[in-house]
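According to the working numbering, numbering within the sequence shown proceeds without interruption in unit steps and concludes at 694. Glycine is no exception: its CB is placed at the ideal position from the N, C-alpha and C atoms. Working notes, beginning with the structure itself.
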Amino acid sequence: MKIFYEELLNWYYQNRRELPWREDPAPYHVWLSEIMLQQTRVEAAKGYYIRFLNSLPDIASLADSSEETCLKLWEGLGYYSRVRNLKRAAEEVMKSFGGNLPRTSAELRQLPGIGPYTSAAIASIAFGEKIPAVDGNLLRIFSRLAMYEENIRTPAALKKAVEYYTDLMPEESKNTQEENPCGSFNQALMDLGNAVCLPGTAPDCGNCPISEFCRIHMERPGSESDLPVIPAGKDKKEEHLTVFLIRSEDKTAVRKRPSRGLLAGLYEFPNTEGKLEPEEAVKWLREHSVEPLRIRRISDAEHIFTHKKWIMRGYEVITDPFCEGDIPFIMAAKEEIDDRYCIPSAFGAYLKWLLQEKRDALS
Ligand code: SF4
Numbered sequence: 332m333k334i335f336y337e338e339l340l341n342w343y344y345q346n347r348r349e350l351p352w353r354e355d356p357a358p359y360h361v362w363l364s365e366i367m368l369q370q371t372r373v374e375a376a377k378g379y380y381i382r383f384l385n386s387l388p389d390i391a392s393l394a395d396s397s398e399e400t401c402l403k404l405w406e407g408l409g410y411y412s413r414v415r416n417l418k419r420a421a422e423e424v425m426k427s428f429g430g431n432l433p434r435t436s437a438e439l440r441q442l443p444g445i446g447p448y449t450s451a452a453i454a455s456i457a458f459g460e461k462i463p464a465v466d467g468n469l470l471r472i473f474s475r476l477a478m479y480e481e482n483i484r485t486p487a488a489l490k491k492a493v494e495y496y497t498d499l500m501p502e503e504s505k506n507t508q509e510e511n512p513c514g515s516f517n518q519a520l521m522d523l524g525n526a527v528c529l530p531g532t533a534p535d536c537g538n539c540p541i542s543e544f545c546r547i548h549m550e551r552p553g554s555e556s557d558l559p560v561i562p563a564g565k566d567k568k569e570e571h572l573t574v575f576l577i578r579s580e581d582k583t584a585v586r587k588r589p590s591r592g593l594l595a596g597l598y599e600f601p602n603t604e605g606k607l608e609p610e611e612a613v614k615w616l617r618e619h620s621v622e623p624l625r626i627r628r629i630s631d632a633e634h635i636f637t638h639k640k641w642i643m644r645g646y647e648v649i650t651d652p653f654c655e656g657d658i659p660f661i662m663a664a665k666e667e668i669d670d671r672y673c674i675p676s677a678f679g680a681y682l683k684w685l686l687q688e689k690r691d692a693l694s
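Next up, the structure:
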């Protein structure tokens with residue numbers, strides 16, 4: 332009788348993705364990569380991962396770094412609470428664990444920003460713990476393997492998936508330097524979800540190493556994509572914003588966002604709620620002590636958050652030079668904005684417009 336994990340691991344050893352954090356799965360590397368991958372695609376995370384490690388190569392340097400440095404290294408990745416928690420957790424590891432990441436999922440969960448999935452991923456991949464790391468990919472695969480026909484987005488479904496995979500996992504290896512079957516088991520399922528058991532209508536069952544263990548494939552071939560059951564989501568709330576690129580000589584206005592709430596503490600181009608017409612835009616500018624010499628519409632942009640969508644209208648505003656303190660904004664040269672101020676990707680279209688000196692329509 333074939334054993335599930337043997338089939339899965341054989342496939343993994345021949346087909347695994349080459350990823351920068353897999354080259355040296357030191358605990359800090361695994362931790363950093365898992366935090367980056369929480370809301371970021373693998374391809375997008377690779378470059379950020381390498382840049383972050385080059386600047387902050389270990390937990391001690393992360394703990395000693397400034398928040399501004401961390402935010403700048405994270406600029407464009409979004410969900411900035413991730414990097415703030417990463418730094419807080421590094422400080423905690425230095426203070427309470429002698430600079431070494433704790434080895435068990437239970438201890439890891441005590442650190443800021445590390446929840447059940449991330450703790451399981453780190454504990455299994457870096458330390459060989461026998462614990463499944465169940466994310467959306469593993470839930471999808473579970474629903475098909477076990478023919479789970481209930482709503483997959485519930486705590487009950489997650490609990491069932493964890494139990495299901497725990498039963499199928501190999502035993503923990505004492506020698507994780509040479510082999511780590513539990514870590515490989517989780518990574519194999521991650522790769523399977525990325526390349527074979529794909530969402531929607533795309534599962535490639537003909538090339539699946541575990542198809543003989545898959546209930547829906549064996550019992551209802553052709554209907555694999557009916558699972559998982561996902562309830563229709565609510566539409567995202569739309570918010571309209573008007574964004575100003577206020578420019579004077581070689582400088583552009585930025586300001587710091589409030590220390591609480593969405594994109595807390597990051598920098599942005601001055602903006603206000605609503606879709607302002609030119610006369611309303613000029614009125615808003617004057618209320619903020621900006622007298623435009625010239626104002627013109629630039630193209631709209633959008634940004635999608637987890638629960639809402641920003642629809643932005645842009646204006647370029649040319650003014651006379653300001654004296655410090657004349658206006659409630661920071662006037663910064665483009666290089667300074669690029670090097671020093673962390674502008675989140677919500678404003679990425681306007682940042683790109685500014686940095687590339689593209690004065691034509693935004694894409
Ligand atoms: S047989 Fe098809 S549906 Fe089942 S796990 Fe493999 S790819 Fe997914």
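- Counting other Cβ atoms within 10 Å of its Cβ, Met662 reaches 16 or more and is therefore classed as buried.
- In the DSSP assignment, Gly645 forms a beta bridge with Val574 and Ile629.
- Close CB contacts of Ala391 within its chain, under the 7 Å cut and outside five residues either way in sequence, are with Met425 and Gly430 (chain order).
- Beyond the five residues adjoining it in sequence on each side, Glu338 comes within less than 6 Å, by CB distance, of Pro540 and Ile541 in the same chain, given in chain order.
- In this structure, DSSP gives Lys606 a state outside helix and strand, which the three-state scheme calls coil.
- Following the DSSP letters along the chain, one finds Val585 inside the beta strand (DSSP E) bounded by residues Lys582 to Lys587.
- Just so you know, the alpha carbons of Arg415 and Gly444 end up roughly 9 Å apart.
- One alpha carbon belongs to Lys491, the other to Cys513, and they sit about 19 Å apart.
- Apart from sequence neighbours up to five positions away, the residues of its chain that approach Ala488 with a beta-carbon distance below 7 Å are Leu470, Tyr479, Glu481 and Asn482, ordered along the chain.
- Between the alpha carbons of Asp389 and Lys377 lies a distance of about 17 Å.
- The beta carbons of Asn602 and Leu572 sit about 5 Å from each other, so the pair counts as a contact at 8 Å.
- The beta carbon of Pro589 sits closer than 7 Å to the beta carbons of Ala595 from its chain, once the five residues preceding and following it are set aside; these are given in chain order.
- In the structure shown, Tyr598 falls within a strand segment according to DSSP collapsed to helix, strand and coil.
- Partner residues in a beta bridge of His619, as assigned by DSSP, do not exist.
- Shown here, Val527 sits in coil according to DSSP, grouped into three states, outside any helix or strand.
- Nearest to Thr449 by C-alpha distance, out of Gly656, Ala519 and Gln369, is Gln369.
- Nearest to Thr532 by C-alpha distance, out of Leu558, Ala519 and Leu520, is Leu558.
- Following the DSSP letters along the chain, one finds Ile661 inside the beta strand (DSSP E) bounded by residues Ile661 to Ala664.
- Closest in C-alpha terms to Pro675, from the list Lys614, Phe636, Ser474 and Ser554, comes Phe636.
- The beta carbon of His638 lies closer than 8 Å to those of Lys567 and Lys568 in the same chain, with the five residues before and after it left out.
- With a cutoff of 8 Å on beta-carbon distance, Phe383 and Leu350 are scored as not near each other.
- At a cut-off of 4 residues, the continuous stretches assigned as alpha helix (DSSP H) that sit fully inside the region 417 to 461 are 436 to 439 and 447 to 458.
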